[in-house]
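Worksheet: the structure to be examined is printed underneath.
Listed below in structure tokens is the structure:
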């Protein structure tokens with residue numbers, strides 16, 4: 001079985017569906033037995049949901065123009 005640190009290290013890849021079958025099985029076996037890491041998983045899911053909802057906020061055009069100009073100024 002993998003350690004807590006290994007499970008947490010792979011958590012975002014797990015949520016994104018980017019781990020292989022062997023890693024998936026190891027992570028899910030660990031989560032089935034570890035209450036602490038289940039809490040980490042729930043926190044990550046909540047954080048992802050919060051970030052997704054925040055992306056729905058309209059950014060004023062003036063802010064977008066300044067951001068675009070700043071990024072263009074950084075290009076070599």
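Numbering (full-length UniProt numbering), first residue to last: 1 to 76.
The beta-carbon is built from N, C-alpha and C at its ideal position, and this holds for glycine as well.
Fair warning: this is a prediction, and the values are worked out from it, not measured in the lab.
Notebook entry, point to check: By DSSP, does residue 27 sit in helix, in strand, or in coil?
Noted result: To locate residue 27, count along the chain shown from 1; it is residue 27. Three-state result, residue 27: helix.
Check: Apart from the five residues on each side of it in sequence, which residues of its chain come closer than 7 Å, Cβ to Cβ, to residue 11?
Finding: For the purposes of this step, residue 11 is taken as residue 11 along the chain shown, with counting starting at 1. The residues are 40, 41, 44.
Item checked: Beta-carbon contacts of residue 7 that lie in its chain and below 6 Å, excluding the five residues immediately before and after -> Walking along the chain shown from the start, residue 7 turns up at place 7. Around residue 7: 27, 30, 37.
Notebook entry, point to check: By Cβ distance, which residues of its chain are closer than 6 Å to residue 2, with the 5 residues on each side in sequence left out?
Noted result: As a position in the chain shown, residue 2 is number 2, starting the count at 1. The answer, listed in chain order, is 26, 30.
Check: Secondary structure at residue 56, three-state DSSP: helix, strand or coil?
Finding: Stepping through the chain shown from its first residue, residue 56 is reached at position 56. Note: residue 56 maps to coil in three-state DSSP.
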